[in-house]
Structure formats: C-alpha cells, structure tokens
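Read through the structure below, which is laid out as structure tokens, and then see the notes.
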Amino acid sequence: MATFELYRRSTIGMCLTETLDEMVSSGILGPELAIQVLVQFDKSMAEALDTQVKTKVSIKGHLHTYRFCDNVWTFILQDALFKYDEFQENVGRVKIVACDSKLLVQ
Amino acid sequence: MSSSSSTSTVYIQVIDDVINKVRDEFITNGGPGEGVLTELQGLWELKMMQAGAIVGPIDRSAMAKGMGMAAPGAAAAAANAVRDLNVPYEGPEEYETPTADMLFPPTPLQTPMQTPLPGQTPLPGTAPTPLPGTMDNSYNIPTGGTPITPSDYSSINENGSSNNIGRPTPSPWMNQRPPLDVNVAYVEGREDVDRGAANQPTTQDFFLLSAGKRKRDELPPQYRPGGYIPQQDGAADVMADKLEVGQGSNSQTGHGLKLTSRIPQLDGPIPDPYDDALSTPNIYNYQGVVSEDYNVANTPAPPELQAQTPALINQNDALDDDEDEPLNENDDDDDLDDVDQGEELNTQHLVLAQFDKVTRAKSRWRCNLKDGIMHINNKDVLFNKATGEFDF
Chain A
1 MATFELYRRS TIGMCLTETL DEMVSSGILG PELAIQVLVQ FDKSMAEALD
51 TQVKTKVSIK GHLHTYRFCD NVWTFILQDA LFKYDEFQEN VGRVKIVACD
101 SKLLVQ
Chain B
1 MSSSSSTSTV YIQVIDDVIN KVRDEFITNG GPGEGVLTEL QGLWELKMMQ
51 AGAIVGPIDR SAMAKGMGMA APGAAAAAAN AVRDLNVPYE GPEEYETPTA
101 DMLFPPTPLQ TPMQTPLPGQ TPLPGTAPTP LPGTMDNSYN IPTGGTPITP
151 SDYSSINENG SSNNIGRPTP SPWMNQRPPL DVNVAYVEGR EDVDRGAANQ
201 PTTQDFFLLS AGKRKRDELP PQYRPGGYIP QQDGAADVMA DKLEVGQGSN
251 SQTGHGLKLT SRIPQLDGPI PDPYDDALST PNIYNYQGVV SEDYNVANTP
301 APPELQAQTP ALINQNDALD DDEDEPLNEN DDDDDLDDVD QGEELNTQHL
351 VLAQFDKVTR AKSRWRCNLK DGIMHINNKD VLFNKATGEF DF
C-alpha cells in the first residue's frame, strides 16, 4: 500500500517524529524501527482520515500562489475563510499542500 | 468543541493503531521490547497533550468505541487489553498520570535531563520539574516543527539514516551521551545555546537539543555527532577575520592596504546608498526585478529560483573578490533566510490533504480535497472532504 508522508507534518506526525528522534538519539530505539513506525503512521493516519472522519470543509480565499510539482498541489491563500460544521475560521495566510489522491488508490 | 474532541479521538485511535501494528516489530526479531513501545506511546501522547492536540486525559472507553468502529477493531481492542496488562503502571483508565510517570521513571533518561538543564540553560522554566518546562516547550515544539517542509521530511528520514550512519561510530558516545553532550553544549556551544534559548531549552529533553538544531538548520544534524563544531566555526570565523585584518595591518602594511583596498571595492556597490539619486534607483531596480518575477510567479518554480539566484550571484562574486568577507555575507544571508522562513512558518496555518480534482476557469480556481488535516488558529481539524474556491 502506497502511503503519503504528507501527514507527518501535522501535529500528531510532528509529535511522533520528535518522539522517535529522541528515542533514536538516546539509543533506545533503532532507526530502522523508527522509520517503520513512521510508515505505519502514514498508513494509520490515512486510514483514519478515510474511515473515521466525516467533517466537510469549505475553503474560500484569495489565491496568492499556486504550484503543481511532482503531483503535489501547493496553494497559498490570503484572507481565507474556513467553514466546517458550525464553525468559521478566518486566516490571513494559509498554505494548502495536497497530494494526488489517485496515487493512493490501492 | 465537537470538532476538537473528535479530532482528539481520532488522534488517539491513530496512536493506538500505530502502536498496535508495530508491536510485533518491537517484540520479535530482537526488537527493543514492549517497554520501549510503551515509552514511545507515552512520549507521543504526552507531546500531543502538551501541543493541545489531545484534549484532557485520554478516555479509554471512548477510544474503545472508536476502535470498535475502526476496521481493525477486534484485534486492536485485544491488543489494547494486552498492552494494558503489560504496561508497567496501573489503572489503564487513569492514563494521563501514568504517562508522566512512564516518562520519567526511566531514570537514565531523566537524570541526564535534569543535571544538564539547570547548568546549561539559565532559564528557570527548565527547572528540574519537567512539566512546566515541557509545557512551554511543547508550544514551541509544534511551531518549531512546522518550519520543516515536505522536502525536509525526507531529510528527516535522511537524518535518521545519517544518524544510523553516524551512530555506529559514536556508539560509545551514545552510551555516554548525556554527560558528554552536556559538557560540549555548555562549554563550547554556549553562545548558540543562548541564541537558541527559545528553542533549545524548550526542548524538554536533552535529546531534543539535537532535534532543535536540526529544525533550525538542516546541516547541523550531520555535524551533530561531532557536537556544535559548526557553531564554533561560525563565531571563530568572525573572530579570525577580525584578527587577520588586524594582524595584517600591523605586521605587513602592504597586506593591510590590500585588505583595506579590497574593502572599499566590495563597498563599491554600497557607497551608492550615499548617493541618494543613484542608490535608490539601483536598489529599486534590483528589487523590481525580483518582484516582477514574483508576479510572473504564475509558473511555480520561478519565485524560488529568483529568490535563490541573487544569493548565488553574491556567492560567486564574493568568491571571486575575496574569500573571507563573502563567507560572512553568506552567513548573514543564510541567517536571514532562516529567520524569514522560521517566522513565516511559525505562524503558518497549514492544510495537509489529498486532492481529487483541481480546476481553473480564468482566475477562478476550484479544488476538491479529501482526507485532510488542518492546523488553523492553533486548532487541529480533520476533514473528510473539502471544497475550495479561490480567486487568483
């Protein structure tokens, strides 16, 4: 199963990465095993988002920069408005990084 | 609230799923064992709580429900039970407390942490009590972490691998690591520690010193095993340059004149600023080119390339003119770049997702995203679908 490393940049991914870094640095954990954990995280996170999450979001804003490189879209929005559930968030500047979902089809 | 709580729930499920699915790797094939896996989970969850990504104590019952809903429900639940039994601490329901206990009981870890911190970092926040210090740290950690770009992520792996490579050599260093690092960091890298006080002390653990380094600079990890050498070099270079100039002027006037003569040449472009009429147009012209390129930036690559090219040109010119000053200039540039990136990324709101479709009609962009993680206004929000409408 192909996985994206994309989600490692999220809070949960960063926390895991830092944890693994510490444990590898201290010699508690082997680097190979740490990478295996990260790969498993890639799978678990993608699966959880696919099966556990139902939230739908609407994003509007001024597109400051767009980029499509290596099948990854990057958008930088200004004055973006996020609507989800009953919430609404204004963000002055937000970066969107999106991988091609078709690449993940098993 | 509902969104945050559901986010927290999903995060907990992911953590458990990961832990359960790597358990075999930890236990079999000479793996580090269940205890290390438990420590991994404890650290991970602690960081998540500190980052505010997991709200409150972990609710095992809610998680069990979630696991039941999840595909690997039965197996995961069974694994949970197993893990709970093996976990050194009691009371699976009270997970939060045990987590902290679980973190700090490993005396080999804690002792090095405490001893170095007070001496190394004068900050009171890093006092032996791990929680307050780590709390502060936690807030910096995610922000400090955000600067890492996807490309950096591969670099993280590379770092990990590089660690592997570097590790065998300093294997003795690993064992003695805490004391050695402390001394090195304190004596040699003291200035850097002070400069990076915001980041480094915040790193709750010792080990994070290296992590903090890595985030701030991509190169340091390679030098990390050697310990702060590059930092010293940086400072030493400056001192060396000054000393060289002074010595040269004292010992050999000829060289001193050459040096001074070189300096005005390099300043040649700079003197322009004194001429208002000349300097301002030059500056504006220069920036104008860059800004135009940014506008042209419709093609994705140019902005970065344009941003880099001036630096490259400077490097080339600098190398041609003189070896010493260019180094300093480059260092300054790098520092500025890092700072800029850091500032941008620290406050960055980020959406990580997969795209189903991206279309454009004139300046109107529409995109369909799915399976995303948003970090907006210090909140994590997960979504299954997202639609975007952007005006370019």
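Protein sequences, first through last, are from chains A and B. With full-length UniProt numbering applied, the first sequence corresponds to residues 1 to 106, in that order. With full-length UniProt numbering applied, the second sequence corresponds to residues 1 to 392, in that order. For glycine and all other residues, C-beta sits at the position ideal for the given N, C-alpha and C. Every value quoted in this text rests on a predicted model; they were computed, and no experiment measured them.
By Cβ distance, which residues of its chain are closer than 7 Å to residue i, with the 5 residues on each side in sequence left out?
i, result
"isoleucine 27 of chain B", "Gly33 and Glu34"
"asparagine 298 of chain B", "Here the model assigns asparagine 298 of chain B a pLDDT of 46, short of 50, so the residue's position is not dependable and the matter cannot be decided."
"phenylalanine 4 of chain A", "Asp42, Ala46, Cys99 and Leu104"
"glutamate 25 of chain B", "Gly31"
"tryptophan 44 of chain B", "Ile15"
"residue 475 of chain B", "Residue 475 of chain B lies beyond the stretch modelled for chain B, which goes from 1 to 392, so this question has no answer here."
"alanine 2 of chain A", "Leu103 and Leu104"
Assuming the contact rule is C-beta atoms closer than 8 Å, residue i and residue j should be a hit. Round their C-beta distance to whole Å, please.
i, j, result
"serine 44 of chain A", "aspartate 380 of chain B", "16 Å between Cβ atoms; not a contact."
"histidine 375 of chain B", "threonine 11 of chain A", "6 Å"
"glutamine 354 of chain B", "leucine 104 of chain A", "7 Å"
"leucine 40 of chain B", "threonine 19 of chain A", "6 Å"
"lysine 95 of chain A", "leucine 350 of chain B", "5 Å"
"glutamine 40 of chain A", "valine 22 of chain B", "5 Å"
"asparagine 377 of chain B", "valine 91 of chain A", "7 Å"
CB-CB under 6 Å to residue i, same chain, minus the five flanking residues each way: which ones, in chain order?
i, result
"residue 402 of chain B", "In the structure displayed, chain B extends from 1 to 392; residue 402 of chain B sits before or after that span and is not available."
"phenylalanine 383 of chain B", "Gly372"
"leucine 6 of chain A", "Cys99"
"lysine 385 of chain B", "Lys370"
"glutamate 389 of chain B", "Arg366"
"lysine 83 of chain A", "Ser58"
"glutamine 78 of chain A", "His62, His64 and Arg93"
"valine 72 of chain A", "Cys99"
"isoleucine 19 of chain B", "Gln41"
"proline 31 of chain A", "Val24"
Quick check on residue i - is its C-beta less than 9 Å from some C-beta in chain A?
i, result
"arginine 83 of chain B", "Its pLDDT being 45, under 50, arginine 83 of chain B is placed unreliably by the model, and the measurement read from it follows with that caveat. Not an interface residue."
"threonine 387 of chain B", "yes"
"isoleucine 376 of chain B", "yes"
"valine 55 of chain B", "no"
"glutamate 34 of chain B", "no"
"alanine 361 of chain B", "no"
"isoleucine 15 of chain B", "yes"
"isoleucine 27 of chain B", "no"
"valine 10 of chain B", "yes"
Per DSSP, residue i is paired with what?
i, result
"glutamate 389 of chain B", "A/Lys60 and B/Arg366"
"glycine 372 of chain B", "B/Phe383"
"tyrosine 7 of chain A", "Partner(s): none; tyrosine 7 of chain A has no beta bridge."
"aspartate 100 of chain A", "B/Phe355"
"residue 109 of chain A", "In this structure chain A extends from 1 to 106, so residue 109 of chain A is not present and cannot be described."
"leucine 361 of chain B", "One detail in the question is off: residue 361 of chain B reads as alanine in this sequence, not leucine. Per DSSP, B/Arg364."
"tryptophan 73 of chain A", "A/Phe68 and A/Ala98"
"leucine 37 of chain B", "The partner list for leucine 37 of chain B (beta bridge, DSSP) is empty, contrary to what the question assumes."
"glutamine 78 of chain A", "A/His62 and A/Arg93"
"leucine 350 of chain B", "A/Lys95 and B/His375"
Against chain B, does residue i count as a neighbour if the rule is that its beta carbon must be under 9 Å from one of theirs?
i, result
"alanine 46 of chain A", "yes"
"residue 119 of chain A", "Since the first residue shown for chain A is 1 and the last is 106, residue 119 of chain A is missing from the structure and cannot be characterised."
"methionine 14 of chain A", "yes"
So is the beta-carbon of residue i under 8 Å away from any non-hydrogen atom of the ligand NAP?
i, result
"valine 55 of chain B", "This structure simply doesn't include the ligand NAP, nor any ligand for that matter."
Short of 8 Å in beta carbon distance, which residues of its chain neighbour residue i, apart from the five on each side in sequence? Order them along the chain.
i, result
"valine 37 of chain A", "Leu16 and Leu20"
"threonine 387 of chain B", "Arg366, Cys367, Asn368 and Leu369"
"threonine 65 of chain A", "Thr74, Phe75 and Ile76"
"threonine 359 of chain B", "Trp365, Arg366 and Cys367"
"leucine 29 of chain A", "Leu20 and Met23"
"arginine 8 of chain A", "Met14, Leu16, Thr17, Leu38, Phe41 and Asp42"
"valine 36 of chain B", "Phe26"
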